[in-house]
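The structure under discussion appears below in the form of structure tokens.
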Amino acid sequence: MSTHDVAVAAPPDRTNRGSGLLPSLVLAALAFAFVTGETLPVGLLGDMATGLDTSPGVVGLSVTVYAAIAALTAVPVTRLLARWPRRRVLVVAAGAFAAGHVLVAAAPTVGFLMAGRAVAAVAHGLFFAVAMPVAARLAAPQHRGRASGRIAVGGASALVVGTPLATLTGQALGWRAANGAVVVLATVLAVVLVRTLPSLPGAGEDPAAGGRLAPTLRFPGLGVVFAVTLLAVGGHFALFTYLAPYADEHLGVRGPAFSVVLFVFGVASVAGSAIGGRLADARPVTSTRAATALFMVVPAALWASGVVGAPMLGAALLALSGASFSVLAVLTALAVLRRVDDAHAETGNALHSITFQVGILGGSAVGSLCYRLGQLDLIPVVTAASGAVALLIALAVGRAFGPRSGDPVAQDPPGAAATSRRK
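Heads up: the sequence shown begins at 8 in the working numbering, then just goes up one per residue.
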């Protein structure tokens, strides 16, 4: 193991580290609620359009608007609330998210729908900027990746469980009831968070200095992490956006068979998120390089399986693509927290979220271009190419995913290595 593969021990907080597990699980549950609310309209476009006397396309636009507002407001709102204790920030974010969905559930018009989605989106950007750094602060240094990774697992689980459940609830009880269920879940979790999360200070006496973009971007290696993030997210969403037509046309996987593949894809994504957190604690540089290599190889093999007519292999590779991306996504997110100090952690995390959203938009656009040009078969090649560039970067300057130069390294407590092996 190289010295770059050792996790960083940041300065300790005045917090009981042993109390970090329960709050991080509550934060993961809140991440589940946030992503479920974000994607809720996807399965209920027709019902919501009928109820608001508009078109499904207009309701679908609310998903795009949500993502854009969350990305644009994450940094400024986080900076605005830099002096607030982190528990208050997270509880307010959960409360505002619930309030936004109250507006959506009661919306008499599309205007009210968009207003409610906008309120929820601002809360979404704030929550995800703060939640992962808080989970890391509560954990022992050697377990920070695992603790922060729980947030990613919560969000990924929403796509597998939360969105389908919200769709079923909406179909059975109406789309307003589905939004009401999100309100109840977020409110209950906010109350639990008040009781379980220790009081953590904000950015300190000069929060504005810790939140400015320029000082954050000056941390060595952060640009490398963002570049790999952009390539990975863009490549993944070029394929993910057109997963259904690709599986249909080039693998012959459709109908119930595709539903099974999509479910396995989701489960693999959740597993990848959990694995990514553990790998970040163990060997961040080596793991990032390996994950990037896998991210390159899987879509290339997927393309080859379509060429030679191997649908079973292609279906398995589709599912594996979810895991390979999720591992890499968590490793890049945790690398941001490793590269910056505590005063810049939330701004760095917000910038990572913005990079993620830009990657989604760019990747979807590239996939759309291939589709419109009749080159659907080339989309996995595009994904593999983006993975190849990311791998070259990770191989050349992979130390950006390890600890900052000159930082102390975390030492496992006596017997921790043996315990880890037994687990």
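Glycine included, C-beta positions come from ideal geometry on N, C-alpha and C.
query: Just curious, the alpha helix (DSSP H) that Q364 is in, first and last residue?
result: A352 to R379
query: DSSP on L68, reduced to helix/strand/coil?
result: helix
Same chain only: Cβ atoms within 6 Å of R261, ignoring 5 sequence neighbours per side: D255
- request: Return the residue from the list S375, R345, V373 and V389 that minimises the CA-CA distance to P148.
  value: R345
- prompt: Considering only the beta carbon of each residue, do A163 and S333 sit closer than 8 Å?
  reply: yes
- request: Let me know the alpha helix (DSSP H) ranges lying completely inside the segment 293 to 347, each 4 residues or longer, listed in chain order.
  value: 318 to 346
message: Please state whether the Cβ-Cβ distance between P63 and L52 is less than 8 Å.
response: yes
message: Residues in the same chain with beta-carbon distance under 8 Å from V201, minus the five sequence neighbours each way, listed in chain order, please.
response: R94 and V98
task: Work out the CA separation of A392 and S276 for me, nearest whole Å.
output: 21 Å
The alpha helix (DSSP H) enclosing W182, as first and last residue numbers: W182 to T203
- request: Look at the alpha carbon of F408 and the alpha carbon of R124, and state the distance between them as a whole number of angstroms.
  value: One alpha carbon belongs to F408, the other to R124, and they sit about 35 Å apart.
- prompt: Going by alpha carbons, who is nearest to T295 out of I400, V365 and V315?
  reply: When only C-alpha atoms are compared, the closest one is I400.
task: Decide if L325 is buried, meaning its Cβ has at least 16 other Cβ atoms within 10 Å, or exposed.
output: Per the 10 Å Cβ criterion, buried.
message: Among the candidates G132, R151, V109 and L172, whose CA atom is the shortest distance from the CA of A122?
response: V109
field: Option nearest A308 by Cα separation, candidates A297, P291 and L327
entry: L327
- prompt: What residue does the alpha helix (DSSP H) around E256 start on, and which one ends it?
  reply: That residue, E256, is in no alpha helix (DSSP H); it is neither H nor E in DSSP.
field: Member of T203, V198 and L172 whose CA lies at the smallest distance from the CA of A188
entry: Looking from the CA of A188, the closest CA among T203, V198 and L172 belongs to L172.
Neighbour-count burial assignment, A151, 16 or more Cβ in a 10 Å radius: Just to set this straight, residue 151 is Arg in the shown sequence, not Ala. It counts as buried.
Member of L320, V404, P208 and G161 whose CA lies at the smallest distance from the CA of G279: G161
- request: Find out if the Cβ-Cβ distance for the pair T176, T362 is shorter than 8 Å.
  value: no
Nearest to V126 (by Cα), restricted to the options G44, F39, A234 and F265: G44
- prompt: Between which two residues does the alpha helix (DSSP H) carrying T43 extend?
  reply: L28 to G50
- prompt: Based on Cα-Cα distance, which residue from L59, A372, A38 and T61 lies nearest to A245?
  reply: A372
- request: Tell me whether Y249 sits in a helix, a strand or coil according to DSSP, three-state version.
  value: coil
task: Can you grab the Cα-Cα spacing for the pair V195 / A281, in whole Å?
output: 25 Å
message: Tell me the DSSP secondary structure of S206 in three-state form.
response: The three-state secondary structure of S206, taken from DSSP, is coil.
query: Secondary structure at S155, three-state DSSP: helix, strand or coil?
result: helix
task: Could you check what DSSP says for V396 in three-state terms: helix, strand or coil?
output: helix
- prompt: Buried or exposed: where does A215 fall if 16 or more other Cβ atoms within 10 Å of its Cβ makes it buried?
  reply: Low confidence applies to A215: its pLDDT is 44, below 50, so where it sits in the model is not reliable, and the reading given next is rough at best. Per the 10 Å Cβ criterion, exposed.
field: Span separating the alpha-carbon of P306 from that of L269
entry: 16 Å
task: Report the rounded CA-to-CA distance for E212 versus R90, giving the unit in angstroms.
output: Its pLDDT being 37, under 50, E212 is placed unreliably by the model, and nothing is read from it.
message: Would F104 and F41 be called neighbours here (beta carbons separated by less than 8 Å)?
response: Less than 8 Å divides the Cβ of F104 from the Cβ of F41.
field: Residues near G218 in its chain [Cβ-Cβ closer than 7 Å; skip 5 each side]
entry: In this prediction, G218 scores a pLDDT of 46, lower than 50, which makes its location untrustworthy; no coordinate-derived value is stated.
- prompt: Between P6 and A352, is the Cβ-Cβ spacing less than 8 Å?
  reply: Since the first residue of the chain shown is 8 and the last is 430, residue 6 is not available in this structure.
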